[in-house]
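Here is the structure we will look at.
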Amino acid sequence: APGEIMFTKYFEDVQKQLLKARSGPSAKAPAKGKTATKSAKPAPADVKMDMHGLIKTIEGIVPPSLSVGTLGVIDPSGYSPEGVDFIAYRPLCRDMAALMGGYVPSELVYGTYHVCGDIGRENLQGALNKVVQAKKLNLFTEDRENLPAIPAFIVSAGGSMRLEDIKDSIIDYYVSKSVDYVLEFDVLMVLNKGIVVKNWRERRSFIALETGSATLMWFFILMHEYLDMERGKGLDLRNYVKYTEKYAEY
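All residue numbers for the sequence shown refer to this note's numbering, where the first residue is 126 and numbers rise by one.
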């Protein structure tokens with residue numbers, strides 16, 4: 126169907142734009158009087174994330190009621206995690222960033238995004254640790270039962286790790302660190318390779334899918350299932366006012 130073709134093509138084209146190839150370490154120039162041989166192989170192409178393009182892409186595919194930006198998150202207890210690259214949130218007003226000093230109340234945050242670059246065991250563990258910190262939002266809040274957990278998404282530009290190895294490394298990290306399952310990420314996407322999804326039916330269980338060129342499309346579909354939750358009803362702005370001053374009352 127034409128609609129299906131356009132839907133698929135859109136994500137394939139955007140995914141190609143996000144994958145920006147860059148040269149590896151530049152080869153040394155041949156010594157004076159010598160020429161490079163034909164057998165010399167070029168440095169392998171590396172893959173990096175176009176951060177500006179990624180944010181613009183996510184902003185274009187989240188629900189129209191949400192905004193995307195590189196703002197901090199803070200919960201009613203005052204906790205604000207580091208390592209959140211950008212967020213999807215429902216703006217309280219047009220001047221929200223200035224109003225809140227660059228932060229968004231956790232009640233209005235629909236998702237945190239963590240960029241991993243070229244995925245490898247070391248930076249994968251770094252991303253998982255950042256998600257653990259982000260998932261602690263609302264855990265120290267008195268009314269935490271009424272504040273649902275905020276979904277966490279990991280985005281990688283590529284890398285040489287096989288999807289199966291990525292999944293095994295994720296489980297190894299969580300088991301070795303004894304991480305509570307409520308602090309696990311929700312969806313991990315490796316552009317043009319595949320996705321790893323948290324299986325909520327079982328504890329410490331993940332599903333890895335090799336989706337290839339359709340990866341961004343499936344990430345869009347899965348992401349919307351998480352972003353489709355109503356949030357913000359429990360927001361009490363008084364929780365974010367720390368004044369102890371007493372006012373004259375008449």
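For every residue, glycine included, the Cβ atom is placed at its ideal position computed from N, Cα and C. If you're wondering where the values come from, they're calculated on a predicted model, not measured in any experiment.
{"Asked": "Sequence ranges, alpha helix (DSSP H) only - wholly within the stretch 280 to 308, length at least 4", "Found": "288 to 301"}
{"Asked": "Residue 324, buried or exposed, once every other Cβ within 10 Å from all chains shown has been counted against 16", "Found": "exposed"}
{"Asked": "Every unbroken beta strand (DSSP E) inside the stretch 313 to 365 [3 residues or more]", "Found": "319 to 323 and 331 to 334"}
{"Asked": "Minimum C-alpha distance to residue 274 - residue among 285, 282, 262 and 268", "Found": "262"}
{"Asked": "At least 3 beta-carbon pairs within less than 8 Å: the stretch 296 to 311 vs the stretch 243 to 259", "Found": "yes"}
{"Asked": "Beta-carbon separation (whole angstroms), residue 341 vs residue 235, contact threshold 8 Å", "Found": "Rounded, the Cβ-Cβ distance is 19 Å, inconsistent with contact."}
{"Asked": "With 16 other Cβ atoms within 10 Å as the buried cut-off, status of residue 268", "Found": "exposed"}
{"Asked": "Residue 314 burial status per 10 Å Cβ neighbour count (16 or more: buried)", "Found": "buried"}
{"Asked": "Uninterrupted alpha helix (DSSP H) stretches inside the stretch 207 to 250 (no shorter than 4 residues)", "Found": "221 to 224"}
{"Asked": "is_contact[residue 321, chain D] using C-beta, thresh 8 Å", "Found": "Note that chain D does not occur in the displayed structure, where there is just one protein chain."}
{"Asked": "Best match in 183, 328 and 200 for proximity to residue 193 [C-alpha to C-alpha]", "Found": "183"}
{"Asked": "Environment of residue 306 [buried if 16+ CB atoms lie within 10 Å]", "Found": "exposed"}
{"Asked": "Limits of the beta strand (DSSP E) - the one that residue 194 falls within", "Found": "192 to 194"}
{"Asked": "Run of the alpha helix (DSSP H) containing residue 203, from where it starts to where it stops", "Found": "First-last for residue 203: undefined, no H or E at that position."}
{"Asked": "Three-state class that DSSP yields for residue 132 in the structure shown", "Found": "helix"}
{"Asked": "Assigned secondary structure, residue 252 (DSSP; H/G/I helix, E/B strand, else coil)", "Found": "helix"}
{"Asked": "Residues that DSSP places opposite residue 274 in a beta bridge", "Found": "According to DSSP, residue 274 bridges with nothing at all."}
{"Asked": "Cα-Cα separation between residue 237 and residue 373, rounded to whole angstroms", "Found": "42 Å"}
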